[in-house]
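Okay, structure first, notes after.
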Amino acid sequence: MSKKVRDYLFISFIVVFVITTFFVSLYASGYKINFGWPPSFNRLLLKTGMLAVDTIPAGATVSLNGREQTQFALAPWKKETLTTAAKIKNLAPGEYDLVLEREGYWAFQKRINIYSGQTTFVEDINLFRKDLPLLLTSAETGELQLSRGRKYLYLSGAEKIINVKTGQERLLEKATVLSSPESSWQKNEEKLLLAGRLLDFNAAKDIDYRQLIGAGADYWYNDENTDRLYFRHENSLNYLNTNKNTVVRLLSGEDYLSYEPRGEDLFLVAAADGRIVLRKYSLPDRQTEQEISLPGVGTYRFVTDGRNRLALYDDQNSTLYLINPNDLGDTITIKNVISWQWLDEESLLYNNAWEIYFLNLNQKNASLITRVGEEIKKIIWNKNQKYLIFSSAGSLNALDLQTGTITTILQTKEIASPVLDDENDLLYFWAQIGQQAGIYQLLLQ
Numbered sequence: 004m005s006k007k008v009r010d011y012l013f014i015s016f017i018v019v020f021v022i023t024t025f026f027v028s029l030y031a032s033g034y035k036i037n038f039g040w041p042p043s044f045n046r047l048l049l050k051t052g053m054l055a056v057d058t059i060p061a062g063a064t065v066s067l068n069g070r071e072q073t074q075f076a077l078a079p080w081k082k083e084t085l086t087t088a089a090k091i092k093n094l095a096p097g098e099y100d101l102v103l104e105r106e107g108y109w110a111f112q113k114r115i116n117i118y119s120g121q122t123t124f125v126e127d128i129n130l131f132r133k134d135l136p137l138l139l140t141s142a143e144t145g146e147l148q149l150s151r152g153r154k155y156l157y158l159s160g161a162e163k164i165i166n167v168k169t170g171q172e173r174l175l176e177k178a179t180v181l182s183s184p185e186s187s188w189q190k191n192e193e194k195l196l197l198a199g200r201l202l203d204f205n206a207a208k209d210i211d212y213r214q215l216i217g218a219g220a221d222y223w224y225n226d227e228n229t230d231r232l233y234f235r236h237e238n239s240l241n242y243l244n245t246n247k248n249t250v251v252r253l254l255s256g257e258d259y260l261s262y263e264p265r266g267e268d269l270f271l272v273a274a275a276d277g278r279i280v281l282r283k284y285s286l287p288d289r290q291t292e293q294e295i296s297l298p299g300v301g302t303y304r305f306v307t308d309g310r311n312r313l314a315l316y317d318d319q320n321s322t323l324y325l326i327n328p329n330d331l332g333d334t335i336t337i338k339n340v341i342s343w344q345w346l347d348e349e350s351l352l353y354n355n356a357w358e359i360y361f362l363n364l365n366q367k368n369a370s371l372i373t374r375v376g377e378e379i380k381k382i383i384w385n386k387n388q389k390y391l392i393f394s395s396a397g398s399l400n401a402l403d404l405q406t407g408t409i410t411t412i413l414q415t416k417e418i419a420s421p422v423l424d425d426e427n428d429l430l431y432f433w434a435q436i437g438q439q440a441g442i443y444q445l446l447l448q
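For the sequence shown, the positions run 4 to 448 when our numbering is used.
Printed below as a string of structure tokens:
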């Protein structure tokens, strides 16, 4: 090999090395060359951005503007699909259509912006299964209640309790249900308080308190912390000491519309002399501590949800009252409320027929989250995965609060009364699917 050839090869190597080093340095520094036409010399070098994306569950493919993203490989013929969780570097600034897909799940789609020199985070994206719902039992429509241990479902329309783990059912006496429709699962036991009876799935373990009290009692409330079973009888409020089997009369002489015991206090709504009042009554002192007036036209009921504030709902006027138990005058009134869900002690979500709102109790202002084109029947908050389920007459939908994305997970002829097992990501609901009407179970994630 002549000296001239050797010099040529040496110089060529140096040139290639310098050019390669230059472009590698640009890439490593987050720049890329803009090959757009017509060329713009002041925008020849672009400072790129990065996308960080992850999903629940992981393992979803990532597509940008219709192109599925692949992982870097030394062998260019060997391409591996990029899946979440992932970071995609050296993206030119601008808008992108992001699509996340995983087999057996509904796709997630969102338009995102990539900014020069910045990282765009699209994180904790919930993907929902495309599974068909499983029919647990055929039944007429009614309200569903899930037990605290997530083992049993009570359906008021069918008068039955269902063991969701085994599929076994217990039919209840229809006369018992109709005599007092209010019901509640107990906190400390898998028992249902219904019409003065504490019902176990095993009927032999039932406790019938009606035998001690007699006929005519309704509006039962079991305070498991004090062993007191409260009830209304004609124009009086009373409680049964379940340890001693003795009855104590607390108040009489008015029409007691609803009540909720809290520790040493009893909060009640009473109608008398043409007025409706909200009253705080001291149980140890046996006297009224505070009283405020409520609108004279309304159908009021307390909704016990374990929060600091009392929740009093007016079914007739769709109005929610959030009451400070220490000061009845400190009451937040929200009109046009169909359902609501607490996020924490200071904030909640609620909906009217077409909109979902976020309310900060400290600031006492509500902000619109989304507006939809079908009437919203109920909202359910998943506190573990941070998403919201809302139902209409014929669909179930999931709303991701951080992205605002709505995923329709089921559409059918008729849907009612969804309840969520957030520990196992299971949704139970009554539905008419095809020719089968009954209680269904749907795995969400």
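Think of the CB as a built atom: it goes at the ideal place given N, C-alpha and C, for glycine as much as any other residue.
Beta bridge counterpart(s) of residue i as assigned by DSSP
| i | result |
| --- | --- |
| I436 | Q439 |
| P264 | L269 |
| Q444 | L137, Y431 |
| Q148 | Y157 |
| Y108 | R132 |
| F124 | A55 |
| N400 | F393, T411 |
| W357 | Bridge partners of W357: none, in fact. |
| Q171 | Per DSSP, none; premise fails for Q171. |
| Y316 | R304, L323 |
| E98 | N116 |
Endpoints, alpha helix (DSSP H) assigned at residue i
| i | result |
| --- | --- |
| R213 | 213-216 |
Residue from the options whose Cα sits closest to the Cα of residue i
| i | options | result |
| --- | --- | --- |
| N327 | I14, L315, W343 | L315 |
| A419 | I379, V102, K190, T73 | I379 |
| L351 | L331, I372, D333, N93 | I372 |
| L54 | G69, S119, E83 | S119 |
| N205 | S187, S186, Q171, Y212 | Q171 |
| E227 | H236, N191, Y212 | N191 |
| S398 | I412, Q405, Q388, N387 | I412 |
| K90 | Y431, R70, E126 | E126 |
| N166 | D318, Q448, D203, L323 | D203 |
| W384 | L430, W223, L196, P96 | L430 |
| Q293 | G299, G332, D317, E267 | G332 |
| G454 | G266, T73, G301 | Only positions 4 to 448 of the chain appear in the structure, and residue 454 is not among them; the question remains open. |
Boundaries (first-last residue) of the beta strand (DSSP E) holding residue i
| i | result |
| --- | --- |
| L281 | 278-285 |
| Q293 | 290-297 |
| S66 | 64-67 |
| Y3 | Past the boundaries of the shown model lies residue 3; the chain is included only from 4 to 448, so the question cannot be answered. |
| T410 | 409-414 |
| I379 | Run containing I379: none; DSSP gives neither H nor E here. |
| D230 | Counting along the chain, D230 falls outside any beta strand (DSSP E), and DSSP gives it neither H nor E. |
| K90 | 89-94 |
| Y222 | 220-226 |
| L371 | 368-374 |
| T58 | 52-59 |
| R200 | 200-202 |
| S187 | 186-188 |
| K163 | 163-166 |
| P421 | 417-424 |
Presumed contact (8 Å Cβ cut-off) between residue i and residue j, rounded CB distance
| i | j | result |
| --- | --- | --- |
| N238 | E263 | Going by Cβ atoms, the distance from N238 to E263 rounds to 19 Å, so no, they are not a contact pair. |
| T58 | I128 | 5 Å |
| W345 | D308 | 6 Å |
| G152 | L94 | Actually they do not touch by this definition, with Cβ atoms about 48 Å apart. |
| T415 | I392 | In fact, because the Cβ distance is near 15 Å, the residues do not count as touching under 8 Å. |
| L297 | I279 | 5 Å |
| N354 | I341 | 5 Å |
| Y212 | L243 | 6 Å |
| L201 | S186 | In fact, because the Cβ distance is near 11 Å, the residues do not count as touching under 8 Å. |
| L446 | R105 | Not a contact, Cβ separation roughly 14 Å. |
Exposed unless 16 or more other CB atoms sit within 10 angstroms - verdict on residue i
| i | result |
| --- | --- |
| P60 | exposed |
| P136 | buried |
| I442 | buried |
| Q112 | exposed |
| I382 | buried |
| T144 | buried |
| Q148 | buried |
| N365 | exposed |
| N194 | Checking the displayed sequence, the identity of residue 194 turns out to be Lys instead of Asn. K194 is buried by the Cβ-count criterion. |
| S141 | exposed |
| L174 | exposed |
| I295 | exposed |
| L156 | buried |
| A273 | buried |
| K473 | Not covered by the structure: residue 473. The range shown for the chain is 4 to 448. |
| S5 | exposed |
| E162 | buried |
| V180 | Because V180 sits at a pLDDT of 47, beneath the cut-off of 50, its placement in the model cannot be relied upon, and the following sentence gives the value as read from the coordinates. The residue in question, V180, is buried, as its Cβ has 16 or more Cβ neighbours within 10 Å. |
| D288 | exposed |
| F16 | exposed |
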